[in-house]
Amino acid sequence: MQFKSLVLSVFVATASAGYVQLCGPQGTCTDTGDANDNTCIGPINGNGKFTFQAHDTSSKMMSIFTDKGCWNNNVATCDDCTSVTYNGKGPVWAIFH
């Protein structure tokens, strides 16, 4: 019985973490990343509208960058959000923090 409770607790904690995904104007998307991971994901290439979206998680700060490390060239940021967009030229990367 205790084992079932532990497994259920781990499953619920993992399921509530949610995921993030960065998509480009041609419909190309990154593999999903852990919404709690604070990792720079990408790149996505193209020209047009890029969307960075969080699923199954609470809102946080989200940013899109035009540099690989997600440090210097921030082109879109939204605080307390589950989605942010950037209209421009790729490649772009994103981070949920």
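FYI, in mature numbering (1 follows the signal peptide of the UniProt record, and there is no 0) the residues of the sequence shown are -17 to -1, 1 to 80.
In this text, a Cβ means the ideal position worked out from N, Cα and C, and glycines have one as well.
- Within the same chain, Cβ atoms closer than 8 angstroms to the Cβ of N55 are found at F48, the five residues on either side in sequence being excluded.
- With fewer than 16 other beta carbons inside 10 angstroms of its own, A(-1) counts as exposed.
- Check the Cα spacing between D39 and each of S46, Y2, G71, F79: the tightest is with Y2.
- Each residue's CA atom was taken as its position, placing K43 and G10 some 24 angstroms apart.
- Going by C-alpha positions, V75 is about 9 angstroms away from Y69.
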